[in-house]
Amino acid sequence: MGASRHRRHRLHRERGAVPIQGPHGGRRPPVQRIHPQARGGVTRGACAAAVLLALALPRRAGAQVDTSARRPPSPDTTARRDTTRDTLPRYLPVLPAAIPRGPLPRGARFTFTADSFAFSDTKTLSDLLARIPGVYVARGGVFGQAEGVLYGGRGPAALEVYWDGVPYLPLGRDSVYLDPARIPLAPLERVDVVVLPAALRVYLVTSRQQSTAPATEIGITTGFLGTAGYRAAFLKRWRSGFGLSLVADWNDISGETGSSSTPFHDVDLWLSALYIPTPKLGVSYQIVSSDWNRSGNTSPIVAAVRTKRVDQLVRFAWGARSDGLGPRLDLTLATATTSRDSAVPDRTLSQATLELSAAAPRAMAGVVARLAGSERRPSQLEGQASWSPLDLLTISVDARHTKYALDRSGDRAHLAAGLVLPLGFSAHGDVAWGRDLAAPARSGDSVQTTNDLYGAIRWQRSWTTLEVGGARRDPFSPPPQFLAGLGTVNALSPTPATNYLAIQARLRPLPGLELWGWYFHPVRGGGDFEPPHHGRYGATFYSKFWRTYKSGVFAFRAETAVESWSGGTEGGVFRDTTTGTSTVHELVGATFVDFNLQIRIAGVTIFWVIRNARSSTRSYVPELGYIRNDQFYGVRWRFTN
Numbered sequence: 332m333g334a335s336r337h338r339r340h341r342l343h344r345e346r347g348a349v350p351i352q353g354p355h356g357g358r359r360p361p362v363q364r365i366h367p368q369a370r371g372g373v374t375r376g377a378c379a380a381a382v383l384l385a386l387a388l389p390r391r392a393g394a395q396v397d398t399s400a401r402r403p404p405s406p407d408t409t410a411r412r413d414t415t416r417d418t419l420p421r422y423l424p425v426l427p428a429a430i431p432r433g434p435l436p437r438g439a440r441f442t443f444t445a446d447s448f449a450f451s452d453t454k455t456l457s458d459l460l461a462r463i464p465g466v467y468v469a470r471g472g473v474f475g476q477a478e479g480v481l482y483g484g485r486g487p488a489a490l491e492v493y494w495d496g497v498p499y500l501p502l503g504r505d506s507v508y509l510d511p512a513r514i515p516l517a518p519l520e521r522v523d524v525v526v527l528p529a530a531l532r533v534y535l536v537t538s539r540q541q542s543t544a545p546a547t548e549i550g551i552t553t554g555f556l557g558t559a560g561y562r563a564a565f566l567k568r569w570r571s572g573f574g575l576s577l578v579a580d581w582n583d584i585s586g587e588t589g590s591s592s593t594p595f596h597d598v599d600l601w602l603s604a605l606y607i608p609t610p611k612l613g614v615s616y617q618i619v620s621s622d623w624n625r626s627g628n629t630s631p632i633v634a635a636v637r638t639k640r641v642d643q644l645v646r647f648a649w650g651a652r653s654d655g656l657g658p659r660l661d662l663t664l665a666t667a668t669t670s671r672d673s674a675v676p677d678r679t680l681s682q683a684t685l686e687l688s689a690a691a692p693r694a695m696a697g698v699v700a701r702l703a704g705s706e707r708r709p710s711q712l713e714g715q716a717s718w719s720p721l722d723l724l725t726i727s728v729d730a731r732h733t734k735y736a737l738d739r740s741g742d743r744a745h746l747a748a749g750l751v752l753p754l755g756f757s758a759h760g761d762v763a764w765g766r767d768l769a770a771p772a773r774s775g776d777s778v779q780t781t782n783d784l785y786g787a788i789r790w791q792r793s794w795t796t797l798e799v800g801g802a803r804r805d806p807f808s809p810p811p812q813f814l815a816g817l818g819t820v821n822a823l824s825p826t827p828a829t830n831y832l833a834i835q836a837r838l839r840p841l842p843g844l845e846l847w848g849w850y851f852h853p854v855r856g857g858g859d860f861e862p863p864h865h866g867r868y869g870a871t872f873y874s875k876f877w878r879t880y881k882s883g884v885f886a887f888r889a890e891t892a893v894e895s896w897s898g899g900t901e902g903g904v905f906r907d908t909t910t911g912t913s914t915v916h917e918l919v920g921a922t923f924v925d926f927n928l929q930i931r932i933a934g935v936t937i938f939w940v941i942r943n944a945r946s947s948t949r950s951y952v953p954e955l956g957y958i959r960n961d962q963f964y965g966v967r968w969r970f971t972n
């Protein structure tokens, strides 16, 4: 530091004294007669003396206590502890969804999430299944009337519905066929549909709240024909593992005088309580009640129905791993009760389901045993397996054996395979064999043997999907009964052997815009409600307008859908039990246009739906009308407390 030749005077240095302060005083005479060279010896001698003194008197030195030192302060017992609660929401484990676990070929499964039927014009399960290629919904009128789902030349017998893994069987007046429109949609968060050549397996998954932040939903609907609907839901999870969910759905419609759309009232309640202490173990209890009342009419014929159905389920689930892989055990006890129907007595059905399965990243195998306290389905054993050894190949197989009353039994087997090809192409096929009963509730029902095949080629890209397939189905004789709510049709004619052509496509030409559609054509044969040409197509625009609403709180969706079919086929049979005569109806060609608009701002969704916007005078079922330009609109608000 300093200029050249500067000695850094008055700056501290490691060794040596500051100038003019040493023993020499800057080469002056010695201070206090101490030679400067003696300083090191004096220091070493003092240190040695201190060490000897410490070794010689250790006890006395240890006994001395410095009484003048300050003691540390004592803790303040009057101060309050930090009792602030951790209010940040956490995501807790949930019970696994009761759906097929293993891999399936492309195009074999359709998945609808909560937004798929909440952010659309879907009001019933039949509305949702109408999106499956080849499905015909026999609507007796607008909301509240019977809506039978017919598929694959099997009529309503093609439908299998599972509520959280338990078969949802028809009870009461409709003891042979199930009316999907009477199954509550409000408690559901997901619907999976596995498509077979002549059957639809529908898996319903109820809501599973994950966050500890309570969720609340409020909905109000109004519209033409005195339409009124109110929905309220509350879902809560605690960090201890407990959970509680409650959903109430109330719907009412006044109907139209002189039409098949008669007054209807429906109240659905769902309560669920669960306890999941660890991600591997959990138990739940739920009860769902559906109480509905439909008024009758003489012209056209509409049967008056008053029914209440209550389903209760207790489920225990255990898994070796929290990621869903490894072995798993599911045990479910269920009861279903119908009452308040003046036409049939009260009835209760009990079921027990035990499922053991094991899953790996590329494979799954499991076995399901079902016991039912009913003469229709005393016991059933089912096996499932799927394997994807390579990214290019997927194989799935399932088989089941069922024992019925009156020493009857049935067997079914299904094999599906998929192969991924270059350039976005893939191929998949299904083989379904059955030797089973169509209506176990009927004592006179006999076993039928069927062999059904389906194959398709799919081309899939990020902006388009195109699938062309064909099917061959064996003849089938439906039981002499139909849905009770469709008064003009009470039976279906036998279906001959049929070959089908099926086409489905999706195209996204612009961001947010999607064109979609499917087409079904019986090339040879065809049964009731299987028009020679049947299609459903439409356009959907969905955007969140990210450039304007960067937070993502805004969403806009508009959709128009057209369903059209040609005439020239049968539309069911009416058999008069008093005279013994039968009348075969002809299905007339028709075209129906639907429109819906949805606007979502944060958790608030505003919707407007128009059915039969083209004001067609035709109907889905012969001699039963369909309201023209039916509209309903409302708002749903979902928020966290």
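Each residue of the sequence shown is one higher than the last, beginning at 332 in this note's numbering. Note that the Cβ used here is the ideal one computed from N, Cα and C, for glycine as well. Only a predicted model underlies this, so the values are computations on that prediction, with no experimental measurement involved.
May I ask you to list the residues that DSSP assigns as paired with residue i?
| i | result |
| --- | --- |
| Ser-688 | Arg-659, Gly-697 |
| Arg-568 | Gly-574 |
| Arg-878 | Paired residue(s): none; Arg-878 is not in a bridge. |
| Tyr-964 | Thr-553, Trp-939 |
| Leu-664 | Val-645, Ala-683 |
| Thr-900 | Leu-918 |
| Leu-928 | Ala-889, Trp-939 |
| Thr-766 | In the sequence under discussion, the amino acid at residue 766 is Arg, which differs from the Thr named in the question. DSSP output for Arg-766 lists Asp-742, Thr-780 as bridge partner(s). |
| Tyr-850 | Ile-834, Gly-866 |
| Trp-494 | Val-497, Leu-535 |
| Glu-979 | The question about residue 979 has no answer here: the residues shown for the chain are numbered 332 through 972. |
| Glu-587 | For Glu-587, which the question treats as bridged, DSSP gives no partner whatsoever. |
| Val-468 | Val-480 |
| Thr-908 | Beta-bridge pairing links Thr-908 to no other residue. |
Take the Cβ of residue i as the centre, count every other Cβ of all protein chains shown within 10 Å, and call the residue buried at 16 or more, exposed below.
| i | result |
| --- | --- |
| Arg-888 | buried |
| Asn-628 | buried |
| Arg-570 | exposed |
| Gly-655 | exposed |
| Glu-917 | exposed |
| Lys-881 | exposed |
| Trp-623 | buried |
| Ser-538 | buried |
| Leu-752 | exposed |
| Ala-377 | A caution first: Ala-377 carries a pLDDT of 48, below 50, which makes its placement in the model unreliable, though a value can still be read off. Flag for Ala-377 reads exposed. |
| Tyr-467 | buried |
| Arg-646 | buried |
Can you look up residue i in the DSSP assignment and give me helix, strand or coil?
| i | result |
| --- | --- |
| Ala-512 | helix |
| Pro-753 | helix |
| Ser-447 | helix |
| Asp-642 | strand |
| Asp-458 | helix |
| Gly-920 | coil |
| Val-382 | With a pLDDT of only 45 at Val-382, under 50, the local geometry of the prediction cannot be trusted, and no value is derived from it. |
| Ala-439 | coil |
| Leu-702 | strand |
| Pro-840 | strand |
| Ala-787 | strand |
| Tyr-772 | First, the amino acid is wrong: residue 772 is Ala here, not Tyr. In this structure, Ala-772 counts as coil in the three-state DSSP scheme. |
| Gly-486 | helix |
| Ser-670 | strand |
| Thr-453 | coil |
| Leu-481 | strand |
| Ala-579 | strand |
| Val-507 | coil |
| Val-952 | coil |
| Leu-612 | strand |
| Ile-430 | coil |
| Glu-861 | coil |
| Asp-761 | strand |
If I follow the unbroken beta strand (DSSP E) through residue i, where does it start and stop?
| i | result |
| --- | --- |
| Glu-894 | 885-896 |
| Phe-474 | Phe-474 -> no beta strand (DSSP E), and no H or E assigned at all. |
| Asn-628 | Element bounds for Asn-628: n/a, residue is neither H nor E. |
| Ile-607 | 595-609 |
| Leu-519 | 519-527 |
| Tyr-534 | 530-537 |
* **Runs of beta strand (DSSP E) wholly within the segment 713-749 (minimum 3 residues, chain order)** => 724-735
* Can you list the alpha helix (DSSP H) stretches of 4 or more residues lying completely in the segment 804-828, in chain order? -> As summarised for the segment 804-828, there are no continuous alpha helix (DSSP H) elements at least 4 residues long confined to that stretch.
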